[in-house]
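Have a look at the structure below, then the notes.
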Amino acid sequence: MSDNLPAIPGMSGGSSSDNGFIALSARTAALASAALFLKEGMHLLRAHMGRNASKAARLSEMCDAAEVEPQFTAMILDASAALTRVAEASGEMTNAADAVDNDARGFNSAHDQEYRGVYEAVNGSGVQQAKPGFYRRTGRRR
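For the sequence shown, the residue numbers in my numbering are 25 to 166.
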């Protein structure tokens with residue numbers, strides 16, 4: 025792997041093809057897919073925690089009406105508030121996952137636009153190409 029890229033779990037190390045056009049496209053597509061999966065899970069969690077928070081609030085009201093010890097009614101109300109906070113936090117996580125999904129798809133699209141032609145030209149030439157960075161100017165020329 026390149027020294028300027030972090031190791032990616034589950035990817036083999038050392039091969040120059042790990043950072044190739046197709047591999048990078050596959051990784052960003054996998055990232056977008058994982059973000060989408062997370063987003064869907066967070067929607068389900070938010071709905072579930074919201075329902076539980078409502079039920080706990082209703083139970084607290086019923087306990088108050090039944091004159092249950094105030095400390096227990098307050099504990100149930102606290103649990104309802106905590107469940108509401110979890111629902112809100114899962115909504116924030118959904119927004120973050122949505123941003124990752126959009127960014128990964130945008131990156132994949134920009135990467136494809138920028139490098140697809142180069143990739144096709146290199147693979148269509150049938151000639152061994154220089155290693156990445158060979159054509160970069162090093163600053164040693166005068």
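Where a beta carbon is used, it is the ideal one built from N, C-alpha and C, also for glycine. Remember, predicted model here, so these are calculated numbers, not experimental data.
A128 sits away from L107, with the two beta carbons spaced by 7 Å or more. L62 sits close to A121, with the two beta carbons spaced by under 7 Å. As the crow flies, the alpha-carbon of L60 is around 38 Å from that of E85. Using a 10 angstroms sphere on the CB of S104, the tally of other CB atoms reaches 16 or more, which defines it as buried. Each residue's CA atom was taken as its position, placing F96 and R82 some 14 Å apart. Secondary structure of F61 (DSSP, three-state): helix. With contacts defined by Cβ atoms closer than 7 Å, R70 and A123 do not form a contacting pair. Annotation for E116: the continuous alpha helix (DSSP H) segment containing it runs P94 to S149. With respect to the 7 Å criterion, M73 and T118 are not classified as neighbours on the basis of their beta carbons. Spanning the alpha carbons of D125 and Y139 requires a straight line of approximately 21 Å.
DSSP places K155 in the coil class of the three-state scheme, outside both helix and strand. Going by C-alpha positions, R75 is about 20 Å away from D88. Comparing alpha-carbon positions, the option among Y143, G150 and H135 lying closest to R51 turns out to be H135. The alpha-carbon separation between Y143 and D102 amounts to approximately 58 Å.
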